[in-house]
Structures are given as structure tokens and as C-alpha cells.
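Asker:
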Amino acid sequence: MNSPLVTTDWLQDNLDNEHLVLIDASMANVVGKEPIVYDRPVFIPGSYQIDLEGALCDTQASQIHAFPREQQFTEEASRLGITSESLVVLYDNQGIYSAPRAWWIFRAMGLNQVFVLDGGLPQWLAEGREVSAAPVAEAGTPGTLVGHLDCSLVRDSAYVFQTLEDERVTLIDARSQARFLAKAPEPRPGVRGGHIPNSLNLPFLEVLEGYRFKPVSELAATFAHLAPALKPDREQQLVFSCGSGITACILLLAAELAGYSKLALYDGSWADWGSNESLPVA
Numbered sequence: 195m196n197s198p199l200v201t202t203d204w205l206q207d208n209l210d211n212e213h214l215v216l217i218d219a220s221m222a223n224v225v226g227k228e229p230i231v232y233d234r235p236v237f238i239p240g241s242y243q244i245d246l247e248g249a250l251c252d253t254q255a256s257q258i259h260a261f262p263r264e265q266q267f268t269e270e271a272s273r274l275g276i277t278s279e280s281l282v283v284l285y286d287n288q289g290i291y292s293a294p295r296a297w298w299i300f301r302a303m304g305l306n307q308v309f310v311l312d313g314g315l316p317q318w319l320a321e322g323r324e325v326s327a328a329p330v331a332e333a334g335t336p337g338t339l340v341g342h343l344d345c346s347l348v349r350d351s352a353y354v355f356q357t358l359e360d361e362r363v364t365l366i367d368a369r370s371q372a373r374f375l376a377k378a379p380e381p382r383p384g385v386r387g388g389h390i391p392n393s394l395n396l397p398f399l400e401v402l403e404g405y406r407f408k409p410v411s412e413l414a415a416t417f418a419h420l421a422p423a424l425k426p427d428r429e430q431q432l433v434f435s436c437g438s439g440i441t442a443c444i445l446l447l448a449a450e451l452a453g454y455s456k457l458a459l460y461d462g463s464w465a466d467w468g469s470n471e472s473l474p475v476a
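Numbering (my numbering), first residue to last: 195 to 476.
Following this line, the structure appears as C-alpha cells:
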């Protein structure tokens, strides 16, 4: 498959695929959009569930929502029965929200056959498809995938600071325009308002339409409108940021859909940068 997305039709046809590992990557807290609230737990049949703020987050790190350590990822992949032959499909209960974060974790840890369900659980429900009341606890056979982090896909504040004036690197912030311009308060205490100097603002909701991503042609136009220099055929490194590294991955996935290939996540994002008084703020 050439796209990082799969459709609900594709998933329905492949629920019995022996290589499929279906994972609910929903998060309890939803920031930056009106959350969809469920009165009871609902899952697509055969789903496992992962904890992005626990099992797949380095809770020993000082930053919020830090990328997991390789051992953490390997242990979770074992619990889920994931091998190098697996087809991992991720979804969340907001449509498109936290599943792209899980997608980038899997990609950065070395798994290429990983996809996001476009529209997630809301799209599945809207189409009247079968659901389950509980996830699968763990795989019958432990997985053998070992995580090896590609550090070029996950950047820190030192890299961002060093490339502030580098025309070959473009930083794109997924927060709302009000937060980007310091016209709305930051939700986390001790974090300054504003944005990283020379960064561009593309609120993550602008690449979505309902529960799903906008068509590829519209995504390409959105990135092209953001800055004339942003062209997929250029050797341009795009680094994505947000509040704490979650919704930045929505833009990251949208950029891949639009044809960009040199992509990275600033994992600490604004919670990291804005709380460090030694770093400049615009």
C-alpha cells in the first residue's frame, strides 16, 4: 500500500487478515478541538488498546508526552504480537487525533507497514459497522519486533535552535493561531505564550474535514499556500511542533499524504520550548 491511510472498507475486508494488528490509540484528554464523548467503551472488533501516555511514553523524562524508550516500545510490541511481517492499523475515537502520534512512534521505531484508519472509530460507527465492548487483552503469541529509534525522525530543542536560521529546515506549528500569536493562554503552567522564531502556523484542524483528512489535492494546496518554498520535490526538512507532540503528528501525516518525505517531529514541542527561559520566543 502506497498511502499511510487505510479506509473503513479496506479494514472491513481485512479484519481476518492473519497479519493484521488493529490498535485503538485513543487518549483520555483531547486538546484543541471539541471532544467526542462516549457513554460506554466502544472498539472495532479485534482491537488491542495502547496507552500513549503510559506504556508508549517515557514517563521518566522531564518533558510532557516524551517519546518512549526503545525497550518500552519493544515490550509493548511483544504484548501486541507484532512482528516485522505485521500490518499494523491504528485508529482513535476522535476520528483523527492521537492515532497519527502512535503511527509516527511505530515508524520511528522501525516498522514500515503501519497505517492510520482514516476517520477512525467515528467513521466506522457512522457507517453502521459492527463494534465490540472491550479490546483484546494481549496476543496469544508474543511479538518479536525490536524497536530501534531513528533519531532523524524525532528532534529535540537543541536541533531546532541550531536550525532556526537554516533555510533548508522549516518548522510548522500545529497549535491554534491564538496560541501561536500569544492571544490565548497556554494550558500548561509555566509555559510562555508565543511561538518559536521563524516557525509557520498551520492549525491541525485545517487539514481535516469532519472525521477524516481532506483530499490529497487540498492538503497539497494547503502546504503550498503556507509558504512558497514548500515544494515536495525540494530537499526541504519539515519539522512539526504543537503543544506537547501529539497533534503535530496530524500535520506530519498530512504532509506525507501531500507528497513530502523529509519529515520529523519536535517531540518536546511548545511545552518544552516555552518553558525554557533560555530559548527565544517570537
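Even glycine gets a Cβ: it sits at the ideal position worked out from N, Cα and C. This structure is a prediction, so every number in the text was calculated from the model and none was measured.
(1) The beta strand (DSSP E) that contains Ala458, what's its start and end?
(2) Based on Cα-Cα distance, which residue from Val231, Leu199, Leu339 lies nearest to Ser278?
(3) Can you name the start and end residues of the alpha helix (DSSP H) that Asp315 belongs to?
(4) When you compare only the Cα positions, how much space is there between Val433 and Gly404?
(5) Does the contact criterion of 3 or more C-beta pairs under 8 Å hold for the region 463 to 475 versus the region 383 to 395?
(6) Helix, strand or coil: how does DSSP classify Ser326 here?
(7) If you measure between the beta carbons of Ala155 and Ala452, is that distance less than 9 Å?
(8) Run the CB neighbour count on Tyr242, radius 10 Å, all protein chains shown included, and call it buried at 16 or more, exposed below.
(9) Please state the DSSP three-state secondary structure of Ile444.
(10) To the nearest angstrom, report how far apart His419 and Glu400 are at their CA atoms.
(11) Which residues does DSSP pair with Arg349 in a beta bridge?
(12) Assuming contact is defined by CB atoms lying nearer than 9 Å, are Ala271 and Gly314 in contact in what I supplied?
(13) Quick check on Cys345: buried or exposed, where buried means 16 or more other Cβ atoms within 10 Å of its Cβ?
(14) Identify, in the order they occur along the chain, each residue of the same chain with its Cβ nearer than 7 Å to the Cβ of Thr358, setting aside the five sequence neighbours on each side.
(15) Whole angstroms is fine: what's the gap from Arg362's alpha carbon to Val354's?
(16) Classify Arg373 as buried or exposed, calling it buried when 16 or more other Cβ atoms lie within 10 Å of its own Cβ.
(17) Given Leu446, which residues of its chain have a CB within under 7 Å of its CB, disregarding the five upstream and five downstream residues?
(18) In or out: Asp218 buried (at least 16 other Cβ within 10 Å) or exposed?
(19) Let me confirm a value: His259 is counted as buried when at least 16 other C-beta atoms fall within 10 Å, else exposed. Which label applies?
(20) Closest by CA to Ala448, which one among Ala327, Asp461, Arg406, Val282?
(21) By a C-beta neighbour count over all protein chains shown, 10 Å radius and 16 as the cutoff for buried, is Tyr291 buried or exposed?
(22) Just the Cα atoms here: how many angstroms apart are Gln431 and Arg234?
(23) Helix, strand or coil: how does DSSP classify Asp233 here?
(24) What are the start and end residues of each continuous beta strand (DSSP E) run of 3 or more residues lying completely inside the region 257 to 312, in chain order?
Answerer: A quick look at the data gives this:
(1) Segment 457 to 460, the beta strand (DSSP E) holding Ala458.
(2) Residue Leu339 is the option with its Cα nearest to Ser278.
(3) Per the sequence shown, the amino acid found at residue 315 is Leu instead of Asp. It spans 314 to 320 - the alpha helix (DSSP H) in which Leu315 sits, taken as one unbroken run.
(4) Answer to the nearest angstrom: the Cα atoms are 25 Å apart.
(5) Proximity of the region 463 to 475 to the region 383 to 395 meets the contact definition, three or more beta-carbon pairs being nearer than 8 Å.
(6) Here Ser326 sits in strand by DSSP.
(7) Residue 155 cannot be examined here, being either before or after the span of the chain that is shown, 195 to 476.
(8) Buried, by the Cβ-count rule.
(9) Reduced to three states, the DSSP call for Ile444 is helix.
(10) Those two C-alpha atoms are separated by around 12 Å.
(11) Note: Arg349 sits in a beta bridge opposite Tyr460.
(12) Cβ atoms of Ala271 and Gly314: not closer than 9 Å.
(13) Exposed, because fewer than 16 other Cβ atoms sit within 10 Å of the Cβ of Cys345.
(14) For the sequence presented, residue 358 should be read as Leu rather than Thr. For Leu358, where only same-chain residues beyond five positions count, the Cβ hits under 7 Å are Pro391, Asn392.
(15) Rounded to whole angstroms, Arg362 to Val354 spans 12 Å at the Cα level.
(16) Label assigned to Arg373: buried.
(17) Non-local C-beta neighbours of Leu446 in its own chain, meaning closer than 7 Å and more than five positions away in sequence, comprise Pro294, Trp298, Phe434, Leu457, Leu459, ordered along the chain.
(18) Flag for Asp218 reads buried.
(19) By the neighbour-count definition (other C-beta atoms within 10 Å, threshold 16), His259 is a buried residue.
(20) It is Arg406 whose Cα lies nearest to the Cα of Ala448.
(21) Its Cβ being crowded by 16 or more others within 10 Å, Tyr291 is buried.
(22) The straight-line gap separating the alpha-carbon atoms of Gln431 and Arg234 is approximately 42 Å.
(23) Reduced to three states, the DSSP call for Asp233 is coil.
(24) Taken in chain order, the complete beta strand (DSSP E) segments of 3 residues or longer contained in the region 257 to 312 are 281 to 285, 308 to 311.
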